Amino acid sequence: MKQVALSSVIVLISASCAHDVATHYPGTTTGATGEIEIALTGSTHNLFVTVDDNTIVRDAHTQNVVIDNVPAGPHRVRVAMGADGFEGKEHEATVNVSPQSRSSLVVAAPNVALSQAVISGAVFIGQTIVIGALMLVIGK
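Counting from 212, one number per residue, gives the positions in the sequence shown under the working numbering.
Laid out in structure tokens, this is it:
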């Protein structure tokens, strides 16, 4: 019983947090490669990233994306985010990738709508109550 309760606590905590995304450019790359880092000014839900019309990230909850194995040269990067209470945003830029280096793109995160802030607060309070109850069960 204690193991189940502890596992539940871990799942609840990790499910609500944004995680950095590390991924690879699709396909086989010959020649020099580098990385593209997309740094958002805040974490966001529903993040989609395409590079040269290849979908790289789909529906992520994150603040930072690193794409490795990107061929050197210019690439069109599109970032779309927001929904479910967030003000939707899209950003497009050309990123020049240099061999064996990281090229960064900073993108403003969407603003959180008031309704989403209230829901997020209620979820946090609910998780805190559940975690407290589980910790009481574990302690017995």
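Cβ coordinates follow ideal geometry from the N, Cα and C atoms, glycine included. No experiment lies behind these values; they were computed from the predicted model shown.
Within this structure, are the beta carbons of VAL277 and GLU246 separated by less than 7 Å?
Residue mapping note: residue 277 aligns to position 66 of the sequence shown, counting from 1. Residue mapping note: residue 246 aligns to position 35 of the sequence shown, counting from 1. It is a contact, given that the beta carbons lie within the stated cut-off.
With a threshold of 6 Å, establish whether the CB of THR244 neighbours any heavy atom of the ligand FMN.
As far as ligands go, the structure on display features none, and thus does not contain the ligand FMN.
DSSP state of GLN338, grouped into three classes?
Here residue 338 is taken as the residue at index 127 of the sequence shown, counted from 1. Helix at GLN338.
For ASP270, report the span of its beta strand (DSSP E) as first-last.
Counted from its first residue, the sequence shown places residue 270 at position 59. Element bounds for ASP270: 265 to 282.
Are the beta-carbon atoms of ALA304 and GLN274 separated by less than 7 Å?
The count along the sequence shown starts at 1 and reaches residue 304 at position 93. The count along the sequence shown starts at 1 and reaches residue 274 at position 63. No, these two residues do not count as a Cβ contact at 7 Å.
Whole-number beta carbon distance between VAL268 and VAL281, since they are thought to touch under 8 Å
By one-based count along the sequence shown, residue 281 stands at place 70. By one-based count along the sequence shown, residue 268 stands at place 57. Wrong, their Cβ atoms sit about 13 Å apart, outside the cutoff.
Throw me the rounded Cβ distance for the THR255 and GLY293 pair, which I believe falls under 8 Å.
As a position in the sequence shown, residue 255 is number 44, starting the count at 1. As a position in the sequence shown, residue 293 is number 82, starting the count at 1. Indeed they touch by this definition, with Cβ atoms about 6 Å apart.
What did DSSP end up calling ALA291 once you bin it into helix, strand or coil?
By one-based count along the sequence shown, residue 291 stands at place 80. Strand at ALA291.
Can you say whether HIS235 is buried or exposed, counting buried as having 16 or more other CB atoms within 10 angstroms of its CB?
Walking along the sequence shown from the start, residue 235 turns up at place 24. Burial call: exposed.
Looking only at its own chain, which residues have a Cβ that is under 6 Å from the Cβ of HIS272, when we skip the five neighbours before and after it?
Within the sequence shown, the letter at position 61 stands for residue 272. So the list reads ALA229 and HIS256, once near-sequence residues are dropped.
Would you decide whether LEU347 is buried or exposed? Buried here means 16 or more other CB atoms lie within 10 Å of its CB.
Stepping through the sequence shown from its first residue, residue 347 is reached at position 136. The residue in question, LEU347, is exposed, as its Cβ has fewer than 16 Cβ neighbours within 10 Å.
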